[in-house]
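Visitor:
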């Protein structure tokens, strides 16, 4: 409700854009203002009643002894006023529903735990919200006040089932520096909102509404068809779906029985998904073999072709993107060979933060090859820090598509990955077939673990799409541990050339480990009763960007080697782990190059046919360019058998930690990449 008596005109001036966007009929705007002003929120009343429906299962259960009977009552909202509701008229009604719970995903458990009336709240959520769709958790002890295993298990299951009811809205908030950030909030409707039944031909429409003077959100409900006394009130829970396939997928996020019903169809989609990528992988075998053969054949013509045009210059000018200067410039300047240019146009090396959408035309580009090899570049244009088609290795959905196309869907070092925007049907079949698995969703182009969510709940996973495009990967629940904590490895990869492929890592800082802030207990994932997928500090390792973490836990390669050897035997890291990581990264690079070569060749042969036959997101790949060099951050997770699994590849990796470990690292990398010196400081991945 409104905290002050603002006039209708002022209310409408503040909210007109929002009201137009959500589609609330204008004849109801003043009525909405009045209801908010007077606090007239809809609950069970003379107009609406919430009624329980006895299901067939309940009728059978009533014949059982009371001790074993479990009721699963479905509820609905019935309009009981004698005056019918007419849409888009003064006799209509703008119904305002409260939210019983509003939360950020990471804070839901803590929010429930810290409530003074926690047991009563859990009981209320269970008996009044979950029960409306037959999802109540039994047994429920409203008097329980301690976090015993039984109450923890009950809370886990209540949280898991609440996602069938959750919806989200976003707010754009400015921080103390004036930077705007989008924050997403989830909410659970009140009992009346939860009891609204779904229908593809609904008589009501519902949407969230933010009352801006108080910052409080509500759900608005209004009739879109004539509603007579005695009719059930229905809404279309799947209204945001584009087509029937989308509706079938989205139904699994709202309706408990939808996944089992749609599984035969989804299973067919999964079969097609696997067959497509297996056939594609078979067609790439020769291309990958050729790329590897060229990469391991160090002919003099190849070395001359990839030689840097700057290698004979005593002083090399550079322009460093301001985003890099604070961390990287001091490291670059540890060598007197590199001097800053006053203008980007005067620089020999241009090192920029954003991915380039186009590259300067050049009659000596790497696409024009002699004996299938690039020509050496001149010095007329600057050297760059990225290759064309960079997004095909650094954007998660495109990297997953590349690896699936080249190697198929079942490579041991690639977690099973689906694009939720295009492959949700195949994912849901896989999810249903492996009910004990957990999955992680990630934004296509996110960084620093922002926007990621781990869950074993299909509704929660599917609903993450409201925040933007996502991939979903099978979550590795049994990782290798350091000091009892989960960790991953950031490997720095320096690429000199794609044709022939030349990729290296620094011997000074080949990799470093990033550890989670809290200990990782295997029971927290293998035991359903203690599963806590929302524990960020336990599951995620990128902690140095969070304000609530005092110091990120990290280990350099020396400490990492010592700990792994101590746990698993002397020589384990050097003889087994590191070679396996090198093979994994090599194969990633080979796949992206092979895909880029194929699509570049097809495009050159018939650009019109390619544009006509293939969706734009299917065309492309990492491509050679004579003036390009690059540094990537490759994230690797080791499982409890020390098998490496690729997580992602980052463009423009954060160099703060590597430079702290080795202050002259950037100067050494640039000397190697752009001046062709210091080979002894680097190790090849090939």
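In the UniProt record's numbering, the protein residues as written are 1 to 686.
Heads up, the beta-carbon is just placed ideally off N, CA and C, and yes, glycines get one too.
From the DSSP secondary-structure annotation, give me the bridge partner or partners of residue 639.
Guide: DSSP output for residue 639 lists 479 as bridge partner(s).
Visitor: Between residue 488 and residue 647, how many whole angstroms is the CB-CB distance? I'm expecting something under 8 Å.
Guide: Residue 488 to residue 647, Cβ: 6 Å. Contact.
Visitor: Can you grab the Cα-Cα spacing for the pair residue 641 / residue 570, in whole Å?
Guide: Whole-angstrom Cα-Cα distance: 15 Å.
Visitor: Among 253, 457 and 442, whose alpha-carbon lies nearest the alpha-carbon of residue 450?
Guide: The candidate whose alpha carbon is nearest that of residue 450 is 442.
Visitor: Would DSSP call residue 432 helix, strand or coil?
Guide: Of the three classes helix, strand and coil, the one that applies to residue 432 here is helix, per DSSP.
Visitor: Might you give, ordered along the chain, the residues of its own chain that have their beta carbon closer than 7 Å to the beta carbon of residue 182, omitting 5 neighbours on each side?
Guide: Excluding sequence neighbours, residue 182 sits near 170 and 172.
Visitor: Counting Cβ pairs closer than 8 Å, one from the stretch 223 to 237 and one from the stretch 193 to 200, do we hit at least three?
Guide: Cβ pair count under 8 Å is three or more, so yes.
Visitor: Is residue 403 near residue 503, with beta carbons less than 9 Å apart?
Guide: No, the pair does not count as a contact, with Cβ atoms beyond the cut-off.
Visitor: Could you check which residue in 444, 453 and 424 has the C-alpha nearest to that of residue 438?
Guide: Residue 438 has its Cα closest to that of 453, out of 444, 453 and 424.
Visitor: Pull up the distance between the alpha-carbon of residue 339 and that of residue 562, whole angstroms please.
Guide: Computed Cα separation, rounded: 39 Å.
Visitor: Return the chain-ordered ranges of every alpha helix (DSSP H) run that is complete within the stretch 220 to 287 and spans a minimum of 4 residues.
Guide: Listed in chain order, they are 244 to 251.
Visitor: Can you tell me which of the three DSSP states residue 370 falls into?
Guide: At residue 370, the pLDDT of 36 sits below 50, so the modelled position is not reliable and the matter cannot be decided from this model.
Visitor: Just reading off the beta strand (DSSP E) that residue 489 is part of, what are its end residues?
Guide: Its beta strand (DSSP E) spans residues 485 to 498.
Visitor: Three or more C-beta pairs closer than 8 Å, one from the stretch 392 to 409 and one from the stretch 469 to 486: is that the case here?
Guide: Because the criterion of three Cβ pairs below 8 Å is met, the stretch 392 to 409 and the stretch 469 to 486 touch.
Visitor: Quick one: what's residue 85 bridged to in DSSP?
Guide: 227, per the DSSP bridge assignment.
Visitor: Can you tell me which of the three DSSP states residue 520 falls into?
Guide: Residue 520 falls in the coil class under three-state DSSP.
Visitor: Quick check on the DSSP output: the beta strand (DSSP E) that includes residue 418 runs from which residue to which?
Guide: From DSSP, the beta strand (DSSP E) with residue 418 extends over 417 to 419.
Visitor: Which two residues bound the contiguous alpha helix (DSSP H) that contains residue 325?
Guide: First-last of the alpha helix (DSSP H) with residue 325: 322 to 332.
Visitor: Just curious, the beta strand (DSSP E) that residue 532 is in, first and last residue?
Guide: First-last for residue 532: undefined, no H or E at that position.
Visitor: Between which two residues does the alpha helix (DSSP H) carrying residue 398 extend?
Guide: Here the alpha helix (DSSP H) through residue 398 covers 396 to 407.
Visitor: Between 536, 186 and 650, which has its C-alpha nearest residue 466's C-alpha?
Guide: Selected option, being the one with the closest Cα: 186.
Visitor: Is residue 644 helix, strand or coil when you go by DSSP?
Guide: Residue 644: strand per DSSP, three-state reduction.
Visitor: DSSP three-state call for residue 451: helix, strand or coil?
Guide: If DSSP states are grouped into helix, strand and coil, residue 451 belongs with coil.
Visitor: Kindly confirm or deny that the stretch 209 to 221 and the stretch 120 to 138 touch, where touching means at least three C-beta pairs closer than 8 Å.
Guide: In short, these stretches do not touch, since the Cβ pair count stays below three.
Visitor: Could you tell me the alpha carbon to alpha carbon distance between residue 586 and residue 288, rounded to whole angstroms?
Guide: Distance between the alpha carbons of residue 586 and residue 288: 11 Å.
Visitor: Cα separation between residue 512 and residue 440?
Guide: In a straight line, the C-alpha of residue 512 is about 23 Å away from that of residue 440.
Visitor: From the beta carbon of residue 540, is the nearest beta carbon of chain C less than 9 Å away?
Guide: Absent from the structure: chain C. Only one protein chain is present.
Visitor: Using DSSP with H/G/I as helix, E/B as strand and the rest coil, what is residue 592?
Guide: Here residue 592 sits in helix by DSSP.
Visitor: Assuming residue 75 contacts residue 50 under a Cβ cut-off of 8 Å, what Cβ separation, rounded to an integer in Å, is found between them?
Guide: Yes, they are in contact, since the Cβ atoms of residue 75 and residue 50 sit about 6 Å apart, within 8 Å.
Visitor: Any contact of the stretch 413 to 429 with the stretch 383 to 390, i.e. 3+ C-beta pairs under 8 Å?
Guide: These segments do not touch.
Visitor: Taking the alpha carbon of residue 501 as the reference point, which residue from 129, 39, 292 and 258 has its own alpha carbon closest?
Guide: Among 129, 39, 292 and 258, the Cα nearest to that of residue 501 belongs to 292.
Visitor: In whole angstroms, give me the CA-to-CA distance for residue 412 and residue 20.
Guide: Spanning the two alpha carbons is a distance of roughly 51 Å.
Visitor: Note down, one range per segment and in chain order, each beta strand (DSSP E) of at least 3 residues found wholly within the stretch 154 to 231.
Guide: Entirely contained in the stretch 154 to 231, the beta strand (DSSP E) runs reaching 3 residues are, in chain order, 167 to 174, 180 to 189, 204 to 211 and 216 to 223.
Visitor: Would you give the residue range spanned by the alpha helix (DSSP H) that residue 671 belongs to?
Guide: From DSSP, the alpha helix (DSSP H) with residue 671 extends over 665 to 675.
Visitor: Taking the Cβ atom as the reference point for each residue, do residue 632 and residue 492 lie within a distance shorter than 9 Å?
Guide: Closer than 9 Å, so yes.
Visitor: Would you give the residue range spanned by the beta strand (DSSP E) that residue 694 belongs to?
Guide: With the chain covering only 1 through 686, there is no way to say anything about residue 694.
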